[in-house]
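My numbering numbers the first residue of the sequence shown as 738 and each following residue consecutively. The beta-carbon is built from N, C-alpha and C at its ideal position, and this holds for glycine as well. Only a predicted model underlies this, so the values are computations on that prediction, with no experimental measurement involved.
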Amino acid sequence: MAVRYRRKCLVAAISALSCPAVAQDAPAMGRDAATVVPAPSTDTETAHPTRAAVTVNGRVIRYTATPGKLIIRNDDGDRIASIFYVAYVADRAPGEAERPLTFLFNGGPGSASMFLHLGSIAPVRIDFPRGTTIPPAPYRIAANPYTLLDRTDMVFIDMVGAGYSRTLGKAKEADFWSVDSDIDAFARAIRRYLTINNRWNSPKYLFGESYGTTRATGLAYKLSRLDGGGIKLNGIILLGVNLNHGIYQPGFEESHIGWLPSYAATAWYHNRLTDRPATLEPWLTQVREWARGPYAAVLAKGHDATDEERGAIARQYGALTGIPEQNVLDAHLRIEPGAFRKLLLRDRGLTVSRLDSRLTGQDNSGLGGEPEYDATGSFNAGPFGTGINLYLTGQLGYATTLDYRPNIYSRIQGRWDRSHIGPTGGRMPLANTAQDLSRTMRENRFMKVLVLNGYYDLATPFFKAEYDIKRMQIDRELQRNIRFEYFGSGHMIYTNTEEMPAFKRALDRFYDEAAATTASSPGQSDHADQD
738 MAVRYRRKCL
748 VAAISALSCP
758 AVAQDAPAMG
768 RDAATVVPAP
778 STDTETAHPT
788 RAAVTVNGRV
798 IRYTATPGKL
808 IIRNDDGDRI
818 ASIFYVAYVA
828 DRAPGEAERP
838 LTFLFNGGPG
848 SASMFLHLGS
858 IAPVRIDFPR
868 GTTIPPAPYR
878 IAANPYTLLD
888 RTDMVFIDMV
898 GAGYSRTLGK
908 AKEADFWSVD
918 SDIDAFARAI
928 RRYLTINNRW
938 NSPKYLFGES
948 YGTTRATGLA
958 YKLSRLDGGG
968 IKLNGIILLG
978 VNLNHGIYQP
988 GFEESHIGWL
998 PSYAATAWYH
1008 NRLTDRPATL
1018 EPWLTQVREW
1028 ARGPYAAVLA
1038 KGHDATDEER
1048 GAIARQYGAL
1058 TGIPEQNVLD
1068 AHLRIEPGAF
1078 RKLLLRDRGL
1088 TVSRLDSRLT
1098 GQDNSGLGGE
1108 PEYDATGSFN
1118 AGPFGTGINL
1128 YLTGQLGYAT
1138 TLDYRPNIYS
1148 RIQGRWDRSH
1158 IGPTGGRMPL
1168 ANTAQDLSRT
1178 MRENRFMKVL
1188 VLNGYYDLAT
1198 PFFKAEYDIK
1208 RMQIDRELQR
1218 NIRFEYFGSG
1228 HMIYTNTEEM
1238 PAFKRALDRF
1248 YDEAAATTAS
1258 SPGQSDHADQ
1268 D
């Protein structure tokens, strides 16, 4: 199988030697988009390399884009799934050092990886207009000046059931609907890719978004074990963090504390504050302190809080979030995200989005407990739904009889098993993969972690990300391996074109620092065990 892959890539490389440099506004592909290619079987491994180029900071990078499928097998050797991926591998001169390799995926759980793929750091990207609205088709997929291909090769992977990934043999989709079975499937796919493409010795990274951060942190530990491949990662990128699933249970106050600074940022953006500061920071630092100080203290008192204390909290809560004091009191000082999204701009007849609270929608009625829809979903549906099909079957010429599934949410319908067997071997009823990340960092003290946060993300709020990460029990030295970055965007930071230069700079710095750390270290310390 590896010989066939290399032969295909060699033929593609030879045929591409005469390809001209690619213009930034129209990335040309080496395959004629009109060429009819026989549709591959869903139960065989395939790879369809195509040559292209992109210009980053004045440098032309020639690369191979490869949509394909990996067959993963269980421990008995039975085929259980066909995993769809798209890889971007930059040309490497003979004798040049191994290039870093990053595996990327979205979350859900149930989402394909088309959002990260066509929205962020691949060599091509949907040409999003500036602002918070987007028109219908036609859409444009352009060469991406913010691509990370100047730092790392990339492999975008779709989870089983989503995208073009499907089950095989006797396996059922529901077999993969759990924290641990999903992690296991991704681990098998990554190992298979490394084997087929002879990339075992490349510096390796994971990039997960949303539920993908749960997957990435659990996967980092899974891969690091000897029976997981003994893969010691160089770094992990977490965008829209959600590691501790337990704190959202009724009766726990941390979720309400975690949402409050994001409510404040949203109220600031929509000019709903009586005394609006000029900038978000350092004002949000004060909001954080109030949330985990006076606000948390009164919540902890429960029925023992006096009316005077409750009134004082409701007034300050309203001053910080733009929600009327009486609404705060009526909600027992605990405003749920749906209620906040409905209340903040009710007098304007608008709602705010969960995934990006800069965006607004309009409900049929001003009444009700939460918005009818998420405006971000409306924003994303057109460009991503059209874009992924246009790009894969058009520009890349990938032939298939399958429909590309953006997600399988309706198929899962709340049946995802969120329990998790952590590093100690005990089963958590609700996963907290910060425990996996903590253990992985303690055993691999060179691994870097980048945490990317949108101020206007009400799905995975930045203060909750800080809570999950900063409560890992690691020493001061390891804490310095973690970097937090913040952006004036929502959950999908990259859809805000104005933030892409800063997004690219943060990632460049992360990869450069991770590479420097590895280069300056003669070998792994003896903190790791062999269990």
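Please determine, among the options, the residue with the shortest C-alpha to C-alpha distance to residue i.
i	options	result
Leu1017	Gly1225, Ile927 and Tyr1032	Gly1225
Thr803	Gln1132, Thr1232, Arg1220 and Arg1164	Gln1132
Tyr1054	Ala1253, Ala1028, Asp1205 and His1040	Ala1028
His1228	Thr1197, Lys959 and Met1178	Thr1197
Ile798	Thr932, Ile968 and Ala880	Ala880
Thr884	Glu1109, Leu1087, Val791 and Glu1203	Val791
Thr1232	Ile1219, Asp1194 and Phe1221	Asp1194
Gly967	Gly844, Arg925, Ile1072 and Gly814	Arg925
Pro998	Asn981, Phe1077, Ile933 and Thr783	Phe1077
Trp1153	Phe865, Leu963 and Glu910	Glu910
Tyr985	Pro1074, Arg1179, Gly1114 and Arg836	Pro1074
Ser902	Gly1151, Glu782 and Ile1060	Glu782
Tyr822	Ala859, Phe913, Arg796 and Phe1221	Ala859
Phe1121	Gln1063, Val861, Arg829 and Leu1057	Val861
Arg1091	Arg1071, Trp996, Arg1155 and Pro1166	Trp996
Ile894	Arg1155, Asp813 and Tyr825	Tyr825
Leu886	Ala1056, Thr839 and Thr1011	Thr839
Ser848	Asn1144, Ser915, Arg1155 and Pro831	Asn1144
Do residue i and residue j have their CB atoms nearer than 9 angstroms?
i	j	result
Leu855	Ile878	yes
Tyr1141	Asn1126	yes
Ile994	Ala1033	yes
Met891	Leu841	yes
Phe1199	Gly1191	yes
Lys806	Ile820	yes
Ala1251	Pro940	yes
His1007	Val1089	yes
Thr712	Leu1081	The chain is shown only over 738 to 1268; residue 712 falls outside these bounds and no answer can be derived.
Leu1167	Ala957	no
Arg1071	Leu1021	no
Thr954	Thr1170	yes
Under a three-way DSSP split, which group does residue i fall into?
i	result
Pro1160	coil
Ala1251	helix
Leu1129	helix
Ala1256	helix
Ile894	strand
Thr950	helix
Ile1206	helix
Thr783	strand
Gly1071	Here the sequence assigns Arg to residue 1071, which means Gly is not the residue at that position. If DSSP states are grouped into helix, strand and coil, Arg1071 belongs with coil.
Met1184	coil
Glu1107	coil
Met1165	strand
Ile994	helix
Asn1064	helix
Phe1221	strand
Arg862	strand
Arg1242	helix
Leu1139	coil
Ala880	strand
Asp1212	coil
Arg903	strand
Asp1154	strand
Ser1269	The chain is shown only over 738 to 1268; residue 1269 falls outside these bounds and no answer can be derived.
Gly983	helix
Thr696	No answer is possible for residue 696: the residues shown for the chain start at 738 and end at 1268.
Ile871	coil
Gly1119	helix
Leu1189	strand
Gly972	strand
Ser915	strand
Ala908	coil
Leu931	helix
So what does residue i bridge to, in DSSP terms?
i	result
Thr1113	Thr1113 is not bridged to any residue.
Phe842	Gly945
Val978	Looking at the DSSP assignment, Val978 forms no beta bridge with any residue, so it has no partner.
Asn1144	Ser848
Arg1097	The residue you asked about is not Arg; residue 1097 is Thr in the sequence shown. DSSP, once it has assigned bridges, lists Val1089 as partnering Thr1097.
Does the distance between the C-beta of residue i and the nearest non-hydrogen atom of the ligand SAH fall short of 8 angstroms?
i	result
Arg1148	Although the ligand SAH was asked about, the structure shown includes no ligands whatsoever.
What residue ranges within the segment 1003–1051 form continuous alpha helix (DSSP H) runs of no fewer than 4 residues, ordered along the chain?
-> 1020–1027 and 1033–1038
Which residue spans inside the segment 785–833 form an unbroken beta strand (DSSP E) run of at least 3?
-> 787–793, 796–810 and 816–827
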